[in-house]
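Everything below concerns the one structure shown next.
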Amino acid sequence: MAEKLPTHLVWEISARLPCEVDRLHMALVCRAWRSYLAQRDAPPLLRRLPWLVFPFEAGASFCCVPCGSTHAVMTAPEEERGARFFGSHEGRWLMLATNRISNNVVTNVGSGVSFPLPAMSIDSRGTTHFNMYIHAASLSCSPDEPDCVGGAIVQYYPDLHDLWRIVFFIVGIGGEPAVDPLPEAFNEEPEDIAHVHSFRLISSVTGGTHLDWHLYYFPPDGRFYDEYVYGRYLVPSRGELLMVVKLSPHFDTNYGVTSGFRAFRMVRGQNLEEVARVTQCGWEELPDLDGRIIFLGRGCSRSYEAAAFPGSEEGIYFADDRGFHEAYRIEHNLTFPCSDNGRCIGMPHPEIDRCFPMHQVSSSYSSGVASAVRYADCRFLLVMTLPQFD
């Protein structure tokens, strides 16, 4: 019966499938369908939302948002199963550490192509630091494009109580160290990093730097949250930069869960001093998401338009990153919590929907949130252009 369906009907059915895995399963129904879908004239899939990737001991799995199903990543090499994830990029690229601490790579889960990422860095004094532990990373372009540069928030093992650092590196040059261009006195505790024409870093305090930089200063405006802040994320959206704040009524990140979000757009003010490259800015709260679908991830947050995905609704998708600043979990080989996942619907009165399945409450591999505080007014945004690599 299936083989007798006309080609155009098979194409019409496949074009309406929201999930790529569903189309693969459809092609397995019979030889005729497989032949029809392999033809050049077969219609492309509908535009797809990102996969949500979860670490499991047997290997990574991903959740397809439109169909709500969890699928195994079948193409992951054995050495990448059980890896610690610390970033992603458009086009199915994942950044991960295959042995929890280092051995950093960026790999494509579709093609299996991988490029090495550095495991050491050189600072401004010429000192080499080994065993670089990457908390979060962001890329300037696709890793398979020329001159792809990455920026990362890092520490160095085994002293994971030391200050956090920011490094830059070129993707795909094996054995080359990353560059840590900031002064030794740089005492940031960064929460997120993003590449939007330049690398952007959100933090609470900032010091001087020898990079080509511009500092955006956000003076306190008396804003007070009724709950504790579990994390702040930089999200490029509609040509603007948003800051999304994750909230919880619980101070202890080991036991608390996400209760809602607040979103702000960056508003530029006056240049305090042109020579000093400082601009006073503010965070203007958004009353609602205005049709946005936002996916939060350190170094890889993304925003989409719900109108571009028929049947989709606005909301904020989030994953459990309560262990982001808890380096002791690495030192003592402890697991990371991974049960606080879901979608936030509605602002300012949110509803948390635990809409994608998880089959374990902790993970030995991937981490993720920031320290819990109620005040979040005074923030700095340090924008750094790409350094020149010889």
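Per full-length UniProt numbering, residue 1 is the first one in the sequence shown, and the count goes up by one each step.
Built from N, CA and C at the ideal position, the CB exists for glycine as well.
Asked, Found
"Could you tell me whether the region 151-159 touches the region 130-137, using the rule of 3 or more Cβ pairs below 8 Å?", "yes"
"Just the C-alpha distance for Glu191 and Gly112, rounded to the nearest angstrom, thanks.", "30 Å"
"Span of the beta strand (DSSP E) holding Thr279?", "278-285"
"Comparing C-alpha positions only, which one of Gly151, Gly256, Ser237, Glu240 sits nearest to Lys246?", "Gly256"
"Going residue by residue through the region 215-274, where are the continuous beta strand (DSSP E) segments of at least 3 residues, counting only ones entirely within it?", "228-237, 240-248, 260-273"
"Based on DSSP bridge pairs, tell me the residues matched to Ala152.", "Ala137, Val167"
"Applying the 10 Å Cβ sphere with the 16-neighbour rule, what's the burial state of Gly315?", "buried"
"Pull up the distance between the alpha-carbon of Gly323 and that of Ala83, whole angstroms please.", "16 Å"
"Note down the Cα distance separating Tyr230 from Pro143, rounded to an integer number of angstroms.", "30 Å"
"Mind checking whether Phe261 and Val244 have CB atoms under 7 Å apart?", "yes"
"Could you tell me the boundaries of the beta strand (DSSP E) in which Tyr157 lies?", "Where Tyr157 is concerned, there is no enclosing beta strand (DSSP E), given that its DSSP letter is neither H nor E."
"Ser35: buried (16+ other C-beta within 10 angstroms of its C-beta) or exposed?", "exposed"
"How is Thr7 classed by DSSP in three states: helix, strand or coil?", "helix"
"Just mark Val373 as buried or exposed, buried being the case when its beta carbon has 16 or more other beta carbons within 10 Å.", "Note that Val373 scores a pLDDT of 32, beneath 50, so its modelled location is shaky and nothing firm can be said."
"Would you list the residues sitting across from Cys344 in a DSSP beta bridge?", "Ile316, Ile352"
"Is it true that the region 121-130 meets the region 171-185, where meeting means three or more beta-carbon pairs spaced less than 8 Å apart?", "yes"
"Are the region 338-347 and the region 303-321 touching by the rule of at least three beta carbon pairs closer than 8 Å?", "yes"
"Which same chain residues, not among the five before or five after Arg16, have their C-beta less than 6 Å away from its C-beta?", "none"
"Return the chain-ordered list of same chain residues with a C-beta closer than 7 Å to the C-beta of Arg92, the five sequence neighbours on each side being excluded.", "Asn108, Val109, Gly110"
"Would you mind working out which of Ser237, Leu241, Phe186, Gln280 sits nearest Asp221, comparing C-alpha positions?", "Gln280"
"At the level of alpha carbons, what is the spacing between Gly291 and Gly151?", "30 Å"
"Spatial neighbours of Leu5 within its chain, please: C-beta separation below 7 Å, excluding the five flanking residues on both sides.", "none"
"Grouping DSSP H, G and I as helix and E and B as strand, with all else coil, what is Val196?", "strand"
"So Asp123 is in the beta strand (DSSP E); what residue range does that whole segment cover?", "121-123"
"Quick check: Ile170 and Leu182, are their CB atoms within less than 7 Å of each other?", "no"
"What residue does the alpha helix (DSSP H) around Val21 start on, and which one ends it?", "20-27"
"Per DSSP, Glu106 forms a beta bridge with which residues?", "A quick correction: the sequence has Val, not Glu, at residue 106. Answer by DSSP bridge pairing, in chain order: Met95, Phe115."
"Considering only DSSP beta bridges, list what Ile294 is partnered with.", "Ser303, Ile316"
"Specify, as a first and last residue, the run of the alpha helix (DSSP H) that Arg31 falls within.", "31-38"
"One question on the structure: do Leu242 and Ala194 come within less than 7 Å of each other, judged by their Cβ atoms?", "no"
"Can you check DSSP and say which residues form a bridge with Gly87?", "Met95"
"Among Glu313, Gly297, Ile101, Gly269, which one has its Cα closest to the Cα of Asp288?", "Glu313"
"Below 6 Å CB to CB, which residues in the same chain sit around Val10 once its five sequence neighbours on both sides are set aside?", "Trp33, Tyr36"
"Cys19: buried (16+ other C-beta within 10 angstroms of its C-beta) or exposed?", "buried"
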